[in-house]
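Those protein sequences? They're chains Z and W, same order as listed. Be aware that the first sequence starts at 10, since it is given in my numbering, and climbs by one per residue. Be aware that the second sequence starts at 10, since it is given in my numbering, and climbs by one per residue. C-beta atoms are modelled at their ideal positions from N, C-alpha and C, and glycine is treated no differently.
Protein chains: 2
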Amino acid sequence: MDQTTATQASRPLPTVGARHIDPHAYPDGIAFLDGQYLPMSQAKVSVLDWGFLHSDATYDTVHVWNGRFFRLDLHLDRFFGGLEKLRMTIPFDRDGVAEILHNCVALSGHRAAYVEMLGTRGASPTFSRDPRQAINRFMAFAVPFGSVANAEQLQRGLRVAISDKVRIPPASVDPSIKNYHWLDLVRGLYDAYDRGAETALILDFNGNVAEGPGFNVFCVKDGKLSTPAIGVLPGITRRTVFDLCAEDGLVAAAADVSVAALKAADEVFITSTAGGIMPVTEIDGAAIADGKVGPVTGRLMVLYWQKHDDPAWSSQVSYP
Amino acid sequence: MDQTTATQASRPLPTVGARHIDPHAYPDGIAFLDGQYLPMSQAKVSVLDWGFLHSDATYDTVHVWNGRFFRLDLHLDRFFGGLEKLRMTIPFDRDGVAEILHNCVALSGHRAAYVEMLGTRGASPTFSRDPRQAINRFMAFAVPFGSVANAEQLQRGLRVAISDKVRIPPASVDPSIKNYHWLDLVRGLYDAYDRGAETALILDFNGNVAEGPGFNVFCVKDGKLSTPAIGVLPGITRRTVFDLCAEDGLVAAAADVSVAALKAADEVFITSTAGGIMPVTEIDGAAIADGKVGPVTGRLMVLYWQKHDDPAWSSQVSYP
């Protein structure tokens with residue numbers, strides 16, 4: 010180190026700029042931050058916000074399809090539930106947040122949008138480590154809709170690998186608080202890529218299947234649907250599958266799903282706000298049943314997208 | 010929702026600003042970002058950076074005391090190890106990062122500084138969910154030195170509570186990758202505050218003591234030191250205690266530390282870059298031994314701060 014110091018001492022120090030010149034490109038969209046509506050390039054979090062430094066944050070993502078929010082009320086419920094569990098407060102109630110989300114989408118012009126609301130612990134001006142002294146912050150943004158599966162994958166089914174990574178257990182982090190703790194899922198993704206798959210599932214602490222990066226998983230066996238019950242995010246699209254099954258006379262249950270049961274299923278699909286209901290036709294290099302998208306999956310996909318025009322399940326954005 | 014939509018439709022949409030006007034105050038310091046040295050108010054991460062949205066990031070924190078970095082080499086080792094395990098690359102080698110950290114401190118003028126280097130997954134301009142398509146980012150900053158314990162707490166010892174939260178296990182996230190997954194620790198902190206304590210310890214998945222928010226823990230019993238072995242961050246200050254013990258003829262071991270053993274110890278202390286070696290004199294409302302800072306703790310605290318002037322353990326900052 011002393012040599013390094015000596016070298017540095019002989020050089021003049023660099024100058025300090027007044028303002029960051031951002032060289033990065035951003036998707037087209039609108040954000041809400043500190044009372045202002047801004048282009049996505051301006052949607053930034055201080056590096057000192059505990060939402061970044063400690064991932065001390067919760068969020069929710071809702072989508073807009075054909076100019077309509079889908080099940081916004083359920084996403085608002087979960088978001089405000091997460092804030093309360095983390096003991097965060099924001100200066101907006103449900104209607105206030107709904108209005109901000111609406112404005113972000115309307116100003117963006119996106120008819121198909123991925124819309125995120127988020128609350129962070131924030132920071133105190135003194136950089137105190139006591140989270141009670143931090144001023145909590147709220148942000149929201151709307152960007153173009155994105156899907157876990159692309160058009161080809163939706164048509165032929167995703168190729169998934171099961172990683173031995175264990176989803177962060179509920180004894181550590183309450184999974185009903187939608188959170189950004191994803192290093193287990195990111196590691197699972199790289200494990201999947203290494204094995205030639207397109208996305209990953211990881212395990213729960215008992216060795217059963219838990220969930221994947223941003224999605225829940227279902228299997229169909231003898232006409233009955235199952236999805237992991239414990240240690241998973243209670244996804245809104247997962248819940249929507251239960252609601253669609255109830256309407257359509259299908260039996261669905263939350264229960265342990267072993268790796269063996271998943272591989273021996275008649276059909277497998279994943280669910281996410283980012284893409285809806287998406288078929289899986291290959292796990293760890295082996296086909297699920299005949300390797301084609303199954304009839305139950307296909308029917309649920311149709312019902313799911315039909316609901317997006319139903320005023321009982323969706324609400325219109327008023328574009329300028 | 011339809012009513013809400015109707016109300017919103019009747020109002021004009023808000024205007025979109027060109028640039029964020031930041032109402033928040035920041036500590037005095039200098040950051041490095043995108044090749045620029047900037048005031049802390051400009052040190053921001055895009056909300057679309059996976060380092061924020063998925064806490065897909067690693068970092069390290071080194072401190073400067075009396076104008077000297079302490080054990081910078083060890084922090085650089087751990088930081089580059091974390092980057093490699095997360096499969097991230099940054100456009101700087103060890104010397105490059107050391108120079109940036111040096112410049113941040115020198116430009117800040119802080120003689121006692123908390124200095125952080127961090128790597129995030131970054132993002133792709135298309136907001137692709139594939140982490141392989143993201144451009145990894147590097148940042149660094151120097152702010153005034155902060156401590157887990159204030160002056161009074163250092164003198165009389167911290168009051169700690171043990172939460173039943175379980176530290177995120179190694180099967181989920183490799184603890185040797187220093188990471189921002191802190192919701193378990195934040196929950197432990199609130200549990201501790203609720204019980205009148207000043208900070209928290211949480212458990213490992215076997216029910217033994219793991220660590221606290223940003224620190225490791227040691228106990229002393231019959232002259233021998235122990236610190237939890239598994240599921241904890243391998244802290245540099247923790248390692249420094251082992252090094253000081255070796256120089257001073259003390260026996261220290263990494264091993265399981267039960268809650269009962271911790272409470273029955275002769276002395277307890279915590280270790281962190283943010284504060285060094287800090288005594289604990291009360292756990293769950295009961296005094297440790299006679300409730301005073303013990304002799305081994307006191308001696309290690311003195312040795313620890315003495316090493317900050319030793320050129321073998323520290324390196325000088327060249328201020329302008």
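Residues of chain Z with a CB under 8 Å from the CB of residue i: which are they?
i: T24 of chain W; result: Y46
i: A40 of chain W; result: V56
i: K174 of chain W; result: A180, S181
Taking the DSSP output, what are the residues bridged to residue i?
i: C228 of chain Z; result: Z:S235, Z:V277
i: Y123 of chain W; result: W:H72, W:V152
i: F41 of chain W; result: W:Y46, W:A149
i: K53 of chain W; result: Z:S55
i: V218 of chain Z; result: Z:L212
i: S323 of chain W; result: W:F79
i: G128 of chain Z; result: Z:T67, Z:F147
i: R87 of chain Z; result: Bridge partners of R87 of chain Z: none, in fact.
i: R168 of chain Z; result: Z:E291
i: A296 of chain W; result: W:E291
i: V175 of chain W; result: W:L212
i: V25 of chain W; result: Z:Y46
Cβ closer than 7 Å: which chain Z residues qualify as neighbours of residue i?
i: F136 of chain W; result: P36, V152, G155
i: F89 of chain W; result: Here the premise fails: no neighbours, minimum Cβ distance about 16 Å.
i: P288 of chain W; result: Those do not exist, as P288 of chain W stays about 18 Å from chain Z at its closest Cβ, beyond 7 Å.
i: R168 of chain W; result: Simply none; closest approach about 14 Å.
i: L192 of chain W; result: S64, D65, V182, N188, H190
I want to verify the contact list: residues of chain Z whose CB lies under 9 Å from the CB of residue i, in sequence order.
i: Q51 of chain W; result: G26, A27, R28, H29
i: A121 of chain W; result: Result: empty, since nearest Cβ-Cβ is about 13 Å, beyond 9 Å.
i: P32 of chain W; result: D43, G44
Are the beta-carbon atoms of residue i and residue j separated by less than 8 Å?
i: I239 of chain Z; j: A274 of chain Z; result: no
i: V226 of chain W; j: V218 of chain W; result: yes
i: V169 of chain Z; j: A206 of chain Z; result: yes
i: A92 of chain W; j: T67 of chain W; result: One point to set straight first is that residue 92 of chain W is Leu, not Ala, in the sequence displayed. The answer is yes: Cβ separation under 8 Å.
i: G197 of chain W; j: I211 of chain W; result: yes
i: F79 of chain W; j: H317 of chain W; result: yes
i: E108 of chain Z; j: T70 of chain Z; result: no
i: E256 of chain W; j: L242 of chain W; result: no
i: I286 of chain W; j: V260 of chain W; result: no
i: Q45 of chain W; j: G38 of chain Z; result: no
i: G166 of chain W; j: P288 of chain W; result: yes
i: F150 of chain W; j: F61 of chain Z; result: no
i: D193 of chain Z; j: V195 of chain W; result: no
i: K272 of chain W; j: I292 of chain W; result: yes
i: C113 of chain Z; j: A40 of chain Z; result: yes
Mind reading off the beta-carbon distance from residue i to residue j? Whole number of angstroms is fine, and I expect it under 8 Å.
i: F214 of chain Z; j: P178 of chain Z; result: 5 Å
i: R28 of chain Z; j: G76 of chain Z; result: Between G76 of chain Z and R28 of chain Z the Cβ distance is about 37 Å, and since that is not below 8 Å, they are no contact.
i: S235 of chain W; j: V266 of chain W; result: 5 Å
i: T359 of chain Z; j: D58 of chain Z; result: Any property of residue 359 of chain Z remains undetermined from this structure, which presents chain Z solely from 10 to 329.
i: A122 of chain Z; j: H72 of chain Z; result: 7 Å
i: V56 of chain Z; j: M148 of chain W; result: 6 Å
i: P36 of chain Z; j: V152 of chain Z; result: 5 Å
i: P140 of chain Z; j: D65 of chain Z; result: 7 Å
i: I279 of chain W; j: V157 of chain W; result: 7 Å
i: A115 of chain W; j: L22 of chain Z; result: 6 Å
Name the chain W residues that come within less than 9 Å of residue i, Cβ to Cβ?
i: I279 of chain Z; result: By Cβ distance, chain W contributes nothing, its closest Cβ being about 13 Å from I279 of chain Z, past 9 Å.
By the DSSP assignment, the beta strand (DSSP E) with residue i in it spans what residues?
i: P153 of chain W; result: 144-153
i: L210 of chain W; result: 208-212
i: R77 of chain W; result: 77-79
i: G285 of chain Z; result: 285-292
i: V260 of chain Z; result: 260-263
Provide the residue span of the alpha helix (DSSP H) that contains residue i, from first to last.
i: Q315 of chain Z; result: 304-315
i: Q164 of chain Z; result: 160-165
i: S117 of chain W; result: 103-117
i: F251 of chain Z; result: 245-257
i: V268 of chain Z; result: 268-272
i: A201 of chain W; result: 192-203
State yes or no: is the beta carbon of residue i nearer than 8 Å to at least one beta carbon in chain C?
i: Y313 of chain Z; result: The question asks about chain C, but that chain is absent: this structure's protein chains are Z and W.
Counting only Cβ pairs nearer than 7 Å, list the residues of chain W close to residue i.
i: L62 of chain Z; result: Y189
i: I171 of chain Z; result: Within 7 Å Cβ-Cβ: nothing; I171 of chain Z doesn't reach chain W, min ~14 Å.
i: V195 of chain Z; result: H63, D65, P140
Which residues of chain W have a Cβ atom closer than 8 Å to the Cβ of residue i, listed in chain order?
i: D102 of chain Z; result: In chain order: nothing, as chain W lies at least about 12 Å away.
i: A159 of chain Z; result: It is Asn, not Ala, that sits at residue 159 of chain Z in the sequence shown. Result: empty, since nearest Cβ-Cβ is about 10 Å, beyond 8 Å.
i: P329 of chain Z; result: L22
What do you reckon, is the C-beta of residue i under 7 Å from a heavy atom of the ligand FAD?
i: P23 of chain Z; result: Among the ligands in the structure shown, none appear at all, so the ligand FAD cannot be discussed.
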